[in-house]
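Student:
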Amino acid sequence: MIKEINGLADLAINGAAPAFEQPLHVGRPNLAERAVFDRYLDQIFESNWLTNNGPLVQQLELEVSRRLGVDHCVAMCNGTIALEIAIRALELTGEVILPSYTFVATAHAVSWQGLQPVFADIDPVTHNLDPASVERLITPATTGIVGVHLWGRPAPVGELAEVARDHDVKLLFDASHAFACSMEGTSIGNFGECEVFSFHATKVFNSFEGGVVSTNNAALAEKMRLMRNFGFAGNDNVIHPGTNGKMTEVCAAMGLSNLELLDSYLDHNRHNFAAYQRGIEGVDGLRLLAPPEPEGANFQYIVIEVGESFGADRDEVLAALEAENVLARRYFWPGCHKMQPYRETQPTAELWLPHTTEVASRVLVLPTGKSVGDAEIDIICRIFRLLGAGSAGARAAG
Ligand code: T4K
43 MIKEINGLAD LAINGAAPAF EQPLHVGRPN LAERAVFDRY LDQIFESNWL
93 TNNGPLVQQL ELEVSRRLGV DHCVAMCNGT IALEIAIRAL ELTGEVILPS
143 YTFVATAHAV SWQGLQPVFA DIDPVTHNLD PASVERLITP ATTGIVGVHL
193 WGRPAPVGEL AEVARDHDVK LLFDASHAFA CSMEGTSIGN FGECEVFSFH
243 ATKVFNSFEG GVVSTNNAAL AEKMRLMRNF GFAGNDNVIH PGTNGKMTEV
293 CAAMGLSNLE LLDSYLDHNR HNFAAYQRGI EGVDGLRLLA PPEPEGANFQ
343 YIVIEVGESF GADRDEVLAA LEAENVLARR YFWPGCHKMQ PYRETQPTAE
393 LWLPHTTEVA SRVLVLPTGK SVGDAEIDII CRIFRLLGAG SAGARAAG
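Quick note on numbering: the sequence shown equals residues 43 to 440 in my numbering.
Right under this line is the structure:
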């Protein structure tokens, strides 16, 4: 049940009951049609084939490759392992440059391979890597750059490629947020040496857990296939170092079922984004991050910057929403450089990350996806308008 909110007295921070009886989460999974998923499950039970490059994994790889318009997709058990395998396959050594303003898995994947993550700053408008900051951090030890298409907004692919070319380092992308996104008509998945997608439950397209690495380089794809399966090239024949990065058949089943509904998820997210846009239009101090190319966006994250003129700061807004049972998130606060072990190993990083610090202190991510609709968004936007009006009133009175 949703409670009506018409004035400041109706807000839970002022003692009223919460707007939502049940918590409204960021990252609520888009669940496929049960009947479709059950049909795939029947196939698994009939074939008795559960994992190790099974038929459903192969089908998912093929369908995802078609969707991305890319030659090869190598399915993995999750996005983090996919990143680690991609980084290993590219034989990076020494230092690897990446944004601090990303989910910590991007940094951990680098560090877990015994490499030194070096944090570059972002553009405060796009939230994506700033190529000039990347270039300043290149040293003789640098061998790679990991660009991130944050929120599904394409990173500055051309400029980063130029920096990589000029300094003879490899460029790959963490495309975890960018499934079904494109840049100037080309699907994300086709850039750099390879791109890594996450199919985690919270993503617009999920396979419970999972991910793929996409590439147009056949040799690289082959190497990653070996690496995800202990280096086996047939029974008893290990020809490469490897790990266990395999996707299971049940995960592929969820992926295939969700693929059938992907376009409806994108339509729903697009609709939700427009509703949020209308709902907070004209509210002083709020900025809703819009995709640069709406036709090539998946709208999976509703990202709001709470600016100084809003009156209440980001954390006050977070608390007010939480009181209403709206569980917004402060992604990706406070930045990887402030998390362990990087906070300790790179205590001065903050000095060259001013935009990361500023953006991380302003961003709130709001609920969207299939479980959120017009009624919920209307209430959330009302809460924002009241908080804005309340603080404007307080400012006027003070
Ligand atoms: N690179 C980037 C840029 C990424 O964003 C990610 C993952 C990766 C790499 C690594 O990919 P994976 O190895 O994960 O495939 C969540 C996700 O766990 C993570 O996959 C995602 N990024 C990140 C942005 O969000 P948390 O720590 O926020 O998860 P958690 O448990 O707090 O869940 C988020 C929200 O979703 C909660 O409000 C509850 C809701 N939820 C979650 C799950 C799992 C549900 O309603 N149902 C569920 O089943 O990291």
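Glycine included, every Cβ here is placed at the ideal spot set by N, Cα and C.
If you measure from the CB of Arg70, is any heavy atom of ligand 2 nearer than 8 angstroms?
Tutor: Absence of ligand 2 from the depicted structure is noted, with ligand 1 being the only ligands included.
Student: Among Ala317, Ala77 and Phe221, which one has its Cα closest to the Cα of Val112?
Tutor: Closest by alpha carbon: Phe221.
Student: Please indicate yes or no: does the CB of His67 lie closer than 8 angstroms to some heavy atom of ligand 1?
Tutor: Yes, ligand 1 has a heavy atom inside 8 angstroms of this Cβ.
Student: Would you mind giving the Cβ-Cβ distance between Thr148 and Leu179, rounded to the nearest angstrom? I have them listed as a contact below 8 angstroms.
Tutor: So it is not a contact: roughly 15 angstroms between Cβ atoms.
Student: Any heavy atom of ligand 1 within a distance shorter than 8 angstroms of the CB on Gly473?
Tutor: Outside the displayed span of the chain (43 to 440) sits residue 473, for which this structure offers no information.
Student: Where do the ends of the alpha helix (DSSP H) carrying Ser249 lie?
Tutor: Looking at the DSSP string, Ser249 is not in any alpha helix (DSSP H), and its letter there is neither H nor E.
Student: Would the beta-carbon of Val190 fall within 9 angstroms of that of Leu171?
Tutor: Result yes, Cβ atoms of Val190 and Leu171 sit closer than 9 angstroms.
Student: What is the DSSP secondary structure of Gly321, counted as helix, strand or coil?
Tutor: Three-state result, Gly321: helix.
Student: Please look up how many angstroms separate the CB atoms of Leu301 and Glu105, rounded, as I've assumed it's under 8 angstroms.
Tutor: The pair is a contact, with the Cβ atoms about 6 angstroms apart (cut-off 8 angstroms).
Student: Would you call Gln342 buried or exposed, if buried means 16 or more other Cβ atoms sit within 10 Å of its Cβ?
Tutor: The residue is buried, with at least 16 neighbouring Cβ atoms inside 10 Å.
Student: How about Ile187: is its Cβ closer than 8 angstroms to a heavy atom in ligand 1?
Tutor: It does not: the Cβ of Ile187 is nowhere closer than 8 angstroms to a heavy atom of ligand 1.
Student: Can you tell me which of the three DSSP states Gly121 falls into?
Tutor: Correct three-state label for Gly121: helix.
Student: Quick check: His150 and Glu177, are their CB atoms within less than 9 angstroms of each other?
Tutor: Cβ atoms of His150 and Glu177: not closer than 9 angstroms.
Student: Would DSSP call Ile230 helix, strand or coil?
Tutor: Coil.
Student: Threshold first: 3 residues or longer. Then list the beta strand (DSSP E) segments lying entirely within the stretch 288-372, N to C.
Tutor: Within the stretch 288-372, the complete beta strand (DSSP E) runs of at least 3 residues are 328-330 and 344-348.
Student: Suppose the cutoff is 8 angstroms on Cβ atoms and the five residues either side in sequence are ignored; what does the same chain contact list for Ala243 look like?
Tutor: So the qualifying residues of the chain are Gly69, Pro71, Phe250 and Glu251.
Student: Please report the Cβ distance between Gly327 and Glu350, rounded to the nearest whole angstrom; I am assuming they are in contact, meaning their Cβ atoms lie under 8 angstroms.
Tutor: About 7 angstroms separates the two Cβ atoms, so the contact holds.
Student: Could you tell me if the beta carbon of Ala151 falls within a distance shorter than 8 angstroms of some heavy atom in ligand 1?
Tutor: At least one heavy atom of ligand 1 is nearer than 8 angstroms to the Cβ of Ala151, so yes.
Student: Say yes only if the C-beta of Val190 is nearer than 8 angstroms to one or more non-hydrogen atoms of ligand 1, and no if none qualify.
Tutor: The answer is yes for Val190.
Student: So, using beta-carbon positions, are Leu192 and Ile164 closer together than 9 angstroms?
Tutor: For Leu192 and Ile164, yes; Cβs fall inside 9 angstroms.
Student: In this structure, how does DSSP classify Leu406 when only helix, strand and coil are distinguished?
Tutor: In this structure, Leu406 counts as strand in the three-state DSSP scheme.
Student: From the DSSP secondary-structure annotation, give me the bridge partner or partners of Asn286.
Tutor: Answer is Asn271.
Student: Taking only the alpha-carbon atoms, compute the straight-line gap between Pro196 and Asp278 and give it to the nearest angstrom.
Tutor: Each residue's alpha carbon lies about 42 angstroms from the other.
Student: With distances taken Cα to Cα, identify the nearest neighbour of Glu103 among Val254, Pro65 and Pro173.
Tutor: For the residues Val254, Pro65 and Pro173, the minimum Cα distance to Glu103 belongs to Val254.
Student: Measure the C-alpha to C-alpha separation of Trp91 and Phe239 and round it to an integer number of angstroms.
Tutor: The alpha-carbon atoms of Trp91 and Phe239 are separated by roughly 25 angstroms.
Student: Compare the Cα-Cα distances from Lys288 to each of Gln100, Leu66 and His67 and report the closest residue.
Tutor: Here the closest residue by C-alpha is Gln100.
Student: Am I right that Cys223 and Ala316 are in contact with their C-beta atoms under 8 angstroms? What's the rounded C-beta distance?
Tutor: So it is not a contact: roughly 17 angstroms between Cβ atoms.
Student: Which same chain residues, not among the five before or five after Gly186, have their C-beta less than 6 angstroms away from its C-beta?
Tutor: Leu134, Val138, Val211 and Lys212.
Student: Quick one: complete alpha helix (DSSP H) runs, 4+ long, within the stretch 156-236?
Tutor: Whole alpha helix (DSSP H) segments, 4+ residues: 173-178 and 199-208.
Student: So who's on the other strand from Ile419, going by DSSP bridges?
Tutor: DSSP, once it has assigned bridges, lists no residue as partnering Ile419.
Student: Closest to Ile322 by CA distance: which of Phe426, Ser142 and Pro182 is it?
Tutor: Of Phe426, Ser142 and Pro182, the residue nearest in Cα terms is Phe426.
Student: Three Cβ pairs or more, each shorter than 8 angstroms: is that satisfied between the stretch 49-58 and the stretch 352-366?
Tutor: Because the criterion of three Cβ pairs below 8 angstroms is met, the stretch 49-58 and the stretch 352-366 touch.
Student: Does the distance between the C-beta of Gly253 and the nearest non-hydrogen atom of ligand 1 fall short of 8 angstroms?
Tutor: Indeed, a heavy atom of ligand 1 lies less than 8 angstroms from the Cβ.
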